[in-house]
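The working numbering numbers the first residue of the sequence shown as 434 and each following residue consecutively.
Note that CB positions come from ideal geometry on N, CA and C, so glycine has one too.
All values reported here derive from a predicted model rather than from experimental measurement.
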Amino acid sequence: MRWVCIVVFGVIMLWASESKAQARESTAFRVSLITGAGFLPDSTNILTPDSMASPSVQRRFTDQNLLSNQFPTWVKLKIPAGIPPGEYCTTTRVEEIIHLYLFRSGETVHQQNGRNTPPSTRSVPRRFMNICFSIHPADSVIYLRVDPLQGDAQPLAIFLEQKADVEALIATNTHLSFFITGGLLIIFLTSLTLFLFLGDRNYMWFCLYLFCMYFMVNGQFLSFYFGERFPLLFLNSASNQLYFIFAPLSLLWFAYSFFDIRRKSLGWKRAFVGLMIFSLVCVITIPVNLTLNSNLILLYNIVSVLAIAVYAGVAFFRQNFQPARYFLFSFAAPVLVALLIVANEMGWLTVTGLNLLAGVSFLLQSLILSLGVVTQYQQVHEDLMKITFTKMQQERETEIFKSQNNELLVRNVTIESQKMEIEEQASKLAELNGTKDKLLSVLSHDLRGPVGNLSSVMALLKSKHLSQEEFQNVSEHLRLDVDTTYKMLEEVLHWVSSQQQGIVPNPVVFHVETLLEEVIQLASSLALAKHIRIETGDLREALVRADRDHIRIILRNLVNNAIKFSPDRSIIRIHVTAEEHHIRISVADQGPGISAEKVDRIMRGDKIDSTRGTKGEKGTGLGLLLCRDFIQYNHGVFFISSTEGKGTTISFTLLRADNVA
434 MRWVCIVVFG VIMLWASESK AQARESTAFR VSLITGAGFL PDSTNILTPD SMASPSVQRR
494 FTDQNLLSNQ FPTWVKLKIP AGIPPGEYCT TTRVEEIIHL YLFRSGETVH QQNGRNTPPS
554 TRSVPRRFMN ICFSIHPADS VIYLRVDPLQ GDAQPLAIFL EQKADVEALI ATNTHLSFFI
614 TGGLLIIFLT SLTLFLFLGD RNYMWFCLYL FCMYFMVNGQ FLSFYFGERF PLLFLNSASN
674 QLYFIFAPLS LLWFAYSFFD IRRKSLGWKR AFVGLMIFSL VCVITIPVNL TLNSNLILLY
734 NIVSVLAIAV YAGVAFFRQN FQPARYFLFS FAAPVLVALL IVANEMGWLT VTGLNLLAGV
794 SFLLQSLILS LGVVTQYQQV HEDLMKITFT KMQQERETEI FKSQNNELLV RNVTIESQKM
854 EIEEQASKLA ELNGTKDKLL SVLSHDLRGP VGNLSSVMAL LKSKHLSQEE FQNVSEHLRL
914 DVDTTYKMLE EVLHWVSSQQ QGIVPNPVVF HVETLLEEVI QLASSLALAK HIRIETGDLR
974 EALVRADRDH IRIILRNLVN NAIKFSPDRS IIRIHVTAEE HHIRISVADQ GPGISAEKVD
1034 RIMRGDKIDS TRGTKGEKGT GLGLLLCRDF IQYNHGVFFI SSTEGKGTTI SFTLLRADNV
1094 A
C-alpha cells in the first residue's frame, strides 16, 4: 500500500504540471482563424495552388463552413493583423487528409497532415494534426485543401498556436506517458514472473488484461507508425476500436479466474460464458464491419462486462472473499475518468488532459488489482496451509487412534478366529447329526420290510392252517427272503460304515433295471401279503451313472411306500423311460394320495409327520426327504405328482451313462 501512495502522489504532481502547461498554453497567443475564411468546393478536382490567385476563383469562395464528403474543399484563411512573426502550428480537428499551401513572395510552401498520416512522419509527432510553418511579416493568406471526408459533411475548426508551447506540452506528455508506461511494464513483468514461478493462472490472465488495457488507453501507439487505420490488419477498422474489443474480453477472463467462477453456481457460469461469447462475436464481426452499429454494440459490451464484474465483486465480497475489495476499489478511478470524459464530450465540463487521466487511472487500477491478486494467492495459500495442517493433525490423531486400537483389533481377530472354529465345529456336528439321522432312516426302512415279512410268515406257520404244499411254498419263500435280507443287511451295514463322516456319492455305471428287479424281489412278500400286483412293463436296458447304494435306497423307499399306502388288490406301476440326457424312473400307486401342502413341504426339504399305511404300517417321516436328498447328490431331479383319493406318482431322473463326460 505504501508503493501505491507513492505512485499516486507522483502521478498527481506530474498531472498538475501538465495541467499547468496546458493552462499556460491557453493564455498564450491562440487565434481562431475561422473568421473571415472562405470555402470553395472543388467539384472538378482541377484547382491548383497557382489557380488561387485568379480573380474568377477568388469570387467563388463562400462563407459556408462545411467540408464536403464528395470532393476536395479549398479553405482560404486570412492571417489577422498584429500577429508577430515566428514559428506557428495549426491544429485541425478533422479525420482525413489536409494539404496546407502557404504563399509568400511567389513561393508556395506545401505540407500534408491528417488522421491517415502516421504521426512519425508529421512535423510534430502529436496526436492532433499539426502543421508547423513560419509566418513572415508579409504573409497574409493561407490556403488549405481538405480531401473528401469518409463520414458525414462537417465544419472545419482550425487553431493557430505557437510552436514552442506545442513542443513544451508534447515534452510534458511524453514524460508522463513514459512514467505510466514504465509503471505498467514493471507490473506486467512482475506478474509474468510470478506466473512462471508460482504457476497461478490469475497472474497469466492479469498479464493479458494489462496488455489489452494498455493498448486501449494508449491506442495511438501503433498509429504513430501506421496511422489511425490499419488496412493490412482489419479493413476500415479504427485502432482504438480493436483495443476496445479485446479489453472487455480480457477483463472477463481475469474475473472468471480471480473469483474462481468454475467452482461457483451455474448462474454465474452462464453469465460469464454468455458475455464471453458475445465479446468473441464482437471480435469477429466489428473489425470487418458486419454490424450495423458497431459503436453501440461496443458500448453495450463494455457496460455489460463492467456491470457483471462489479456485481461479482460485491457479491463475493459479501461472501467474505476479502480479495474482492481490491477488485472493487480498482474500478473507482477508471469509472471516474469515464464520467469526466462523458461530461466533457457532452459539454457539461471542460477538462484538459483526459488522455493522461485515463492512463493514470489505469495505472492505479493495475496497482490495486496486483495487490488483489497477491492477496488472493496468499489467502488461497493460507487456506491450503490450514487444510494441510488440519489434515496432518487428523492423520496424527488417526495414528494415535490406530495404535490404541491395535490391541483391540488383535483381540477381535483372535475372537473371530475362535468364533469361526466354533462355527465350523458346529457345522460339522450338524452335518454328522444329519448323516446319522439319514443312516438310521436307511436302516429302519431297509430292515422294517424284511423283518415284517418274516413276522407275517411266522404267523402263518403258527396258525397251522397251511397245507403241506403251501407250507413248502412258504418255506421256500421264507428261505429266499432270509437270504436276500441277510445280503441286503450286509450291504447296508457296509455302506453305513463308509458314510459315517458324511454322505459322499460314489458314482458308478450300472443297469438300473437290474437294481430295480432286486428291489422288487425283496418287496414281493409285502406285496403278496396285501395281494398287490407290481407291474414293470418292458424294462429295457437303461445304463446310468450314479451311486448304486443311493439308488437302491431310493428305489426301496419308493416301492415300500407304494406298498404301504396302496389298498389291497391294487396295482403298482413302475416305468423306466429313456430321455435325451436322462433316464426317468417313476413309481405310481393307487393309494389315498398326498395333499398339495405336504408335497410343497417335501419339495422344500421340510420334515413331515409320519403317516400310517392302509394296514396301520408305521414310518419315520424321513423316507421321501431321504430320497429327495439322495437324488440331488446324484445330480437328478425329484418329482411328485399326487391327487388325493386317486394315487401318487413319484419319479426322478438320473444322468445317462453315455452322456456323462
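Put simply, of Ser957, Asp1033, Arg966 and Leu949 the residue whose alpha carbon is nearest the alpha carbon of Arg1017 is Leu949.
Each of Ser624, Leu1059, Leu769 and Leu622 was checked against the Cα of Asp982, and the nearest Cα belongs to Leu1059. One Cα belongs to Val574, the other to Pro488, and the distance between them is close to 15 Å. The C-alpha of Arg1061 lies about 8 Å from the C-alpha of Val1070.
Just so you know, the alpha carbons of Cys565 and Ser690 end up roughly 50 Å apart.
Taking the Cα of Thr969 as reference, the smallest distance to any Cα among Leu976, Thr947 and Ile987 is reached at Thr947. Judged by DSSP secondary structure, Ile1016 falls within the beta strand (DSSP E) whose first and last residues are His1015 to Ala1021. In the DSSP annotation of this structure, the continuous segment of the beta strand (DSSP E) that includes Ser1084 starts and ends at Gly1080 to Leu1088. Of all alpha-carbon atoms in Leu961, Ser1075, Gly471 and Asn546, the one lying nearest the alpha-carbon of Asn906 is that of Leu961. Taking a C-beta distance under 8 Å as the contact criterion, Ile516 and Ser803 do not qualify as a contact pair. In the DSSP assignment, Leu976 falls outside any alpha helix (DSSP H) and within the unbroken beta strand (DSSP E) covering Leu976 to Asp980. A distance of 8 Å or more separates the beta carbons of Val738 and Leu773. Put simply, the backbone Cα of Gln497 is about 34 Å away from that of Ile603.
Two segments are said to touch when three or more pairs of C-beta atoms, one from each, lie closer than 8 Å; by this definition the stretch 1066-1082 touches the stretch 1025-1040. Residue burial is scored here from C-beta neighbours: Val843 has fewer than 16 other C-beta atoms within 10 angstroms and is therefore classed as exposed. In the DSSP assignment, Gly519 is bridged to Ile568.
The beta carbon of Ile967 sits closer than 7 Å to those of Ile953, Ala960, Ile1005 and Ile1007, all from its chain and outside the five residues before and after it, given in chain order.
Just so you know, the alpha carbons of Lys824 and Cys645 end up roughly 42 Å apart.
In this structure, DSSP gives Arg1002 a state outside helix and strand, which the three-state scheme calls coil.
Going by DSSP, Glu968 is part of the beta strand (DSSP E) stretching over Arg966 to Glu968.
Separation of the CB atoms of Ala1021 and Thr1086 is rounded to 16 Å, and the pair is thereby denied contact status at 8 Å.
Note on the stretch 692-772: whole alpha helix (DSSP H) runs with a minimum of 4 residues are 699-718, 727-751 and 757-762, in chain order.
In the three-state DSSP reduction, Asn546 falls in the strand class (E or B). Spatial neighbours of Ser799 in its own chain (CB-CB distance under 7 Å, excluding positions within 5 residues in sequence) are listed in chain order as Leu617, Ile620 and Leu643. Taking the CA atoms as reference points, Gln809 sits about 9 Å from Asn635.
In this chain, the beta strand (DSSP E) harbouring Lys511 covers Thr506 to Lys511. Per the coordinates, the alpha-carbon of Arg696 lies some 13 Å from the alpha-carbon of Ala688.
Each residue's CA atom was taken as its position, placing Asn838 and Thr831 some 10 Å apart. With a threshold of 16 other beta carbon atoms within 10 Å, Val793 meets it and is buried. Under the three-state reduction of DSSP output, Glu594 falls in the strand class. Secondary structure within the stretch 1026-1077: the beta strand (DSSP E) runs of 3 or more consecutive residues, fully enclosed, are 1071-1076 (chain order). For Val941, the enclosing beta strand (DSSP E) starts and ends at Pro940 to His944.
Counting along the chain, Arg492 sits inside the alpha helix (DSSP H) bounded by residues Pro488 to Arg492.
Separation of His608 and Gly615 (C-alpha to C-alpha, rounded to the nearest whole angstrom) is 10 Å.
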